[in-house]
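Here is the structure we will look at, set down as structure tokens.
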Amino acid sequence: MSTWINKAARRAAFPILVCAGLAGCQQGNGLPVLSLLPANEVLSIYGGDVRVAGPRHYCPDKSSLRETEETAIVLLGRCSASSKAPPAVVTVSVGAKGSAGVLQSDGAALAAFLLSDAGRASLSRNNRAGDIDIRAARMEKGVFLVQVDDREQGRYWRGMLPVAGYLVSVTATGPSLSPDESHELVQQTARALQNANRP
């Protein structure tokens with residue numbers, strides 16, 4: 379792995395680590411209390427460079443947005459408590475401008491990084507590589523998907539995709555969300571992001 383690719387992978391991992399920490403801020407039934415935008419409303423970040431939209435039944439929480447020069451993070455939840463959609467929190471994190479370069483070569487460099495001790499540690503809430511097992515990593519419809527076994531959070535899927543030159547990471551977790559439901563919700567969110575950011 380070249381020095382440039384290695385640096386890009388580590389830079390891309392920063393929002394992944396912060397994202398894991400944010401997703402852990404839970405209360406009540408295991409899900410954060412969110413203040414959601416109306417259905418179909420889009421949240422603009424980085425001066426409008428990236429627009430965050432949720433899939434059907436899930437809406438962005440404007441109050442959760444944290445934005446710096448290096449990363450932006452926002453949570454999404456069910457638009458209505460009465461929704462039949464699975465209770466879940468979707469975390470969308472956006473890396474720095476140019477961070478999407480790590481997805482070159484079908485994500486091979488990113489896969490190599492995530493399989494390393496440093497990469498697995500970046501996915502751990504406690505920065506411990508031993509807590510994480512990467513069970514699968516593949517490109518699927520333009521989204522780099524990773525299935526993660528986390529000693530604390532269980533098994534879930536994370537998706538990564540390029541949006542306007544930014545690397546965007548999506549995770550879906552919930553107290554009763556199955557791995558299949560996590561996979562589907564990550565893919566639905568990725569499609570919503572792709573649609574919201576079409577030129």
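All residue numbers for the sequence shown refer to our numbering, where the first residue is 379 and numbers rise by one. Backbone N, C-alpha and C define an ideal beta-carbon position, used for all residues, glycine too. Just so it is clear, the structure is predicted and the values come from calculations on it, not from any experiment.
My understanding is that A507 touches R498, with C-beta atoms under 8 angstroms, so please give their C-beta distance in whole angstroms.
Position 129 of the sequence shown, counted from the start, is the residue given in the question as residue 507. Position 120 of the sequence shown, counted from the start, is the residue given in the question as residue 498. Yes, they are in contact, since the Cβ atoms of A507 and R498 sit about 4 angstroms apart, within 8 angstroms.
Taking only the alpha-carbon atoms, compute the straight-line gap between P465 and C457 and give it to the nearest angstrom.
Mapped onto the sequence shown, residue 465 falls at position 87. Mapped onto the sequence shown, residue 457 falls at position 79. When rounded, the distance between both Cα atoms is 10 angstroms.
Does the count of Cβ pairs from the region 439–451 and the region 506–526 closer than 8 angstroms reach three?
no
To which residues of the same chain is T551 closer than 8 angstroms at the C-beta, ignoring the five residues directly before and after it?
If you number the sequence shown from 1, residue 551 lands on position 173. Cβ within range, chain order: A401, A466, V467, T469, Q531, Y534, S560.
What does DSSP give as the partner residues of Q531 in its beta bridges?
For the purposes of this step, residue 531 is taken as the residue at position 153 of the sequence shown. In DSSP, Q531 forms no bridge with anything.
Going along the chain, which unbroken runs of the alpha helix (DSSP H) with 4 or more residues stay wholly within the region 430–493?
486–493
Report yes if the C-beta distance between V480 and L545 is below 8 angstroms; otherwise report no.
Start at 1 with the first residue of the sequence shown, and residue 480 comes out as number 102. Start at 1 with the first residue of the sequence shown, and residue 545 comes out as number 167. A contact, by the Cβ cut-off of 8 angstroms.
Just mark P433 as buried or exposed, buried being the case when its beta carbon has 16 or more other beta carbons within 10 Å.
Within the sequence shown, the letter at position 55 stands for residue 433. With 16 or more other Cβ atoms within 10 Å, it is buried.
Just mark R324 as buried or exposed, buried being the case when its beta carbon has 16 or more other beta carbons within 10 Å.
Outside the modelled stretch of the chain, which goes from 379 to 577, sits residue 324, for which no answer is possible.
For a test of the three-state rule: what should DSSP assign to V515, helix, strand or coil?
Here residue 515 corresponds to residue number 137 of the sequence shown, with the count starting at 1. Reading off the sequence shown, one finds Ala at residue 515, where the question assumed Val. Reduced to three states, the DSSP call for A515 is strand.
What are the boundary residues of the beta strand (DSSP E) that includes V546?
Reading the sequence shown from its first residue, position 168 is the one you call residue 546. Start and end: 544–551.
To which residues of the same chain is N584 closer than 8 angstroms at the C-beta, ignoring the five residues directly before and after it?
There is simply no residue 584 to check, as the chain begins at 379 and stops at 577 in what is shown.
If D509 sits next to D528, beta carbons under 8 angstroms apart, how far is it from one beta carbon to the other, in whole angstroms?
By one-based count along the sequence shown, residue 509 stands at place 131. By one-based count along the sequence shown, residue 528 stands at place 150. D509 to D528, Cβ: 6 angstroms. Contact.
Put S554 into one of helix, strand or coil per three-state DSSP.
Counting from 1 along the sequence shown, the entry for residue 554 is found at position 176. Here S554 sits in coil by DSSP.
I'd like to check one pair, H435 with K477: are the Cβ atoms closer than 8 angstroms?
Along the sequence shown, read from residue 1 onward, the residue named residue 477 stands at position 99. Along the sequence shown, read from residue 1 onward, the residue named residue 435 stands at position 57. In the sequence as presented, Lys is not what sits at residue 477; that position holds Ser. Taking 8 angstroms as the Cβ cut-off, S477 and H435 do not qualify as a contacting pair.
How many Å lie between Q482 and V452 at the Cα?
Numbered from its first residue, the sequence shown carries residue 482 at position 104. Numbered from its first residue, the sequence shown carries residue 452 at position 74. C-alpha separation (whole angstroms): 25 angstroms.
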